[in-house]
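Those protein sequence lines, which keep their order, are chains P and W.
Per our numbering, the first sequence runs over residues 1 to 231.
Per our numbering, the second sequence runs over residues 1 to 231.
Number of protein chains: 2
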Amino acid sequence: MPPELTTPGTGQFPADLRVAVLGGTGPQGKGLARRFAAAGLDVIIGSRSAERAAAAAAELSEATGRPVAGLDNHGAAEAGDVVLVVVPWDGHGELLQELAPTLAGKVVVDCVNPLGFDKQGAFALDVPEGSATQQAAAILTESTVVGAFHNVSAVLLDDPEGKPVDTDVLVLGDEREATDLIQALADTIPGVRGVFGGRRRNARQVEALTANLISANRRYKAHAGIRISDV
Amino acid sequence: MPPELTTPGTGQFPADLRVAVLGGTGPQGKGLARRFAAAGLDVIIGSRSAERAAAAAAELSEATGRPVAGLDNHGAAEAGDVVLVVVPWDGHGELLQELAPTLAGKVVVDCVNPLGFDKQGAFALDVPEGSATQQAAAILTESTVVGAFHNVSAVLLDDPEGKPVDTDVLVLGDEREATDLIQALADTIPGVRGVFGGRRRNARQVEALTANLISANRRYKAHAGIRISDV
């Protein structure tokens with residue numbers, strides 16, 4: 001029997017910060033955008049297609065009763081104070097190269113898992129910089145890059161009823177103020193705790209762990225997440 | 001509030017299998033040996049030094065009221081039906097090369113985390129084969145290699161009172177019979193569940209995740225473990 005979970009406690013996410021979700025029309029991005037809107041935050045969905053972004057934003061506005069904006073990725077990057085990157089790994093570096101000037105001075109949260117898939121399931125891809133988070137940091141030298149939200153089930157996030165999600169979010173970064181902020185952002189999702197998980201150089205294994213959760217999902221017909229015990 | 005944890009259920013660990021723990025005088029190895037002896041299993045501690053192995057075995061016999069044997073690593077490898085490798089990463093490959101003929105036909109459980117440490121804490125080391133588990137499998141071509149017990153706190157394991165440990169053990173391997181067996185072995189430790197975590201090719205991130213747990217331990221003054229939710 002696990003002891004009752006307590007929250008590490010990093011304060012409230014400031015209500016005046018706008019949260020942009022690049023790739024916010026994909027399952028993971030839309031699920032996160034839904035949860036943040038439901039928590040009362042100002043959310044901007046970004047997508048390669050401004051039309052699809054606007055459609056997803058309208059859907060989430062309707063569902064949550066909150067205004068949600070939909071823009072192309074560039075517009076969303078510009079509008080957000082905190083910018084989540086939830087795009088496919090394929091094209092991750094190119095998109096960040098393009099957006100680097102726009103993202104200067106902002107907290108950028110990389111949520112991308114570099115995974116490959118074959119008949120035996122998912123596996124981690126090698127990244128020259130070590131991880132998606134480290135690639136983002138190498139490109140976005142004027143931003144503060146945090147890694148987070150790697151292991152949260154898209155299906156559970158995108159639940160219209162907003163049921164609590166039984167998982168912790170490991171938050172990785174080298175700047176305490178930014179990791180505290182993103183832990184507080186994770187804490188806005190019912191059931192979720194943001195837990196500090198180390199520096200960016202230790203992001204690879206957290207991204208890659210998603211492959212193990214996919215294996216567990218297959219074996220146990222589950223939407224597996226992780227909890228950090230004794231924290 | 002997490003739902004009550006249930007056990008994935010892979011059956012009982014067979015009482016007639018002897019469990020050898022190579023590196024059983026180190027904190028992690030001794031903690032595992034203590035728990036397996038306390039669970040009523042036949043345990044053999046292996047060490048580079050037969051004298052130190054015998055001393056640790058005598059201590060655990062006294063503590064658990066069970067006979068525990070202590071031998072050099074070669075003797076322990078020979079005596080065990082299931083052989084856990086809990087040695088330092090430095091020397092891991094060399095030891096397994098030496099023991100390969102002795103370990104043929106056995107289930108070998110690699111528990112080793114290839115980590116480095118510097119002023120900023122722990123970080124994952126690159127392994128040419130991908131992970132310690134994959135290195136073991138590459139060397140021990142006549143054994144069945146499973147990865148497990150990477151993220152369990154040595155301090156919590158080596159508790160003389162045998163208090164439950166609030167963690168799951170991710171078990172990695174390509175042979176179902178062997179991963180089921182080692183899940184059942186993990187289940188013998190109070191509080192612990194053995195959970196299938198994927199194939200050996202996905203072992204690296206589970207080994208490396210120990211660096212993240214060390215970061216969380218520093219931040220929260222904890223002995224962090226992991227639980228897989230929704231399983």
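Cβ coordinates follow ideal geometry from the N, Cα and C atoms, glycine included.
Query	Result
Taking CB distances under 8 Å as the criterion, tell me whether Q134(W) reaches chain P.	no
Helix, strand or coil for S61(W), going by three-state DSSP, please let me know.	helix
Tell me which residue opens and which closes the alpha helix (DSSP H) that G29(W) is part of.	P27 to A38
Determine the DSSP secondary structure at V112(W), reduced to helix, strand or coil.	coil
Taking one C-beta from the stretch 29 to 40 of chain W and one from the stretch 157 to 169 of chain W each time, how about it: are there three or more such pairs within less than 8 Å?	yes
Look at L140(P) and L103(P) and say whether their C-beta atoms are less than 8 Å apart.	yes
Does DSSP classify D180(W) as helix, strand or coil?	helix
Name, going along the chain, the residues of the stretch 213 to 228 of chain P whose beta-carbon falls closer than 7 Å to a beta-carbon of chain W.	S215, A216, R219, Y220, A222, H223, A224, G225, I226, R227 and I228
Closest by CA to V192(W), which one among G198(W), R200(W), R201(W) and I182(W)?	I182(W)
L103(W) lies in the alpha helix (DSSP H); which residues open and close that run?	H92 to L103
DSSP puts L84(P) in a beta bridge; with which residues?	V21(P) and V109(P)
Three or more beta-carbon pairs under 8 Å between the stretch 88 to 104 of chain P and the stretch 116 to 136 of chain P, yes or no?	yes
Measuring only between beta-carbons, confirm whether T167(P) sits less than 8 Å from chain W.	yes
Return the chain-ordered ranges of every alpha helix (DSSP H) run that is complete within the stretch 134 to 193 of chain W and spans a minimum of 4 residues.	154 to 157 and 176 to 187
Contact defined as beta carbons within less than 8 Å: I believe V82(P) pairs with L170(P). What is the distance between those atoms, to the nearest angstrom?	Actually they do not touch by this definition, with Cβ atoms about 17 Å apart.
Rounding to the nearest angstrom, what Cα-Cα distance links P2(W) and R227(W) in this structure?	With a pLDDT of only 41 at P2(W), under 50, the local geometry of the prediction cannot be trusted, and the value read off the model is given with reservation. Distance between the alpha carbons of P2(W) and R227(W) is about 10 Å.
How about T188(P) and L41(P): are their beta carbons less than 8 Å apart?	yes
Could you tell me whether the Cβ of P27(W) comes closer than 8 Å to any Cβ of chain P?	no
List, in chain order, every chain P residue whose beta-carbon is nearer than 8 Å to that of L209(W).	Q205, V206 and L209
Using the Cα positions of N113(P) and I214(W), report the straight-line distance between them to the nearest angstrom.	22 Å
Express the C-alpha separation of G105(W) and P67(W) in angstroms, rounding to a whole number.	25 Å
Given that L170(P) touches chain W, what residues does it touch there, using C-beta distances under 7 Å?	N212
Within a Cβ cutoff of 7 Å, which residues of the same chain sit near T179(P), ignoring the five residues on either side of it in sequence?	V146, V171, G173 and F196
For the alpha helix (DSSP H) that L209(P) lies in, which residues bound it at each end?	R204 to Y220
D72(P) and D230(W) - do their beta-carbons sit closer together than 8 Å?	no
Can you tell me the Cα-Cα spacing of G24(P) and G46(P), whole angstroms?	5 Å
Around the Cβ of S143(P), are there at least 16 other Cβ atoms within 10 angstroms (buried) or fewer (exposed)?	buried
Please list the partners that G194(W) has in chain P, where partner means a Cβ-to-Cβ separation under 7 Å.	Within 7 Å Cβ-Cβ: nothing; G194(W) doesn't reach chain P, min ~12 Å.
Assign E161(P) to buried or exposed, taking buried as 16 or more other Cβ atoms, counted over all protein chains shown, within 10 Å of its Cβ.	exposed
Are the CB atoms of L115(P) and V19(P) within a distance shorter than 8 Å?	no
With DSSP collapsed to three states, give me the class of M1(W).	Its pLDDT being 37, under 50, M1(W) is placed unreliably by the model, and the measurement read from it follows with that caveat. Note: M1(W) maps to coil in three-state DSSP.
Once you ignore the five residues that flank P164(W) on each side, which residues in its own chain have a CB closer than 7 Å to its CB?	P190 and G191
Does any C-beta atom of chain W lie closer than 8 Å to the C-beta of G197(P)?	yes
Compute the distance between the beta-carbons of E201(W) and Q134(W), then report whether it is under 8 Å.	According to the sequence shown, residue 201(W) is Arg rather than Glu. Yes, these two residues count as a Cβ contact at 8 Å.
Whose Cβ in chain P lies nearer than 7 Å to the Cβ of R201(W)?	F123
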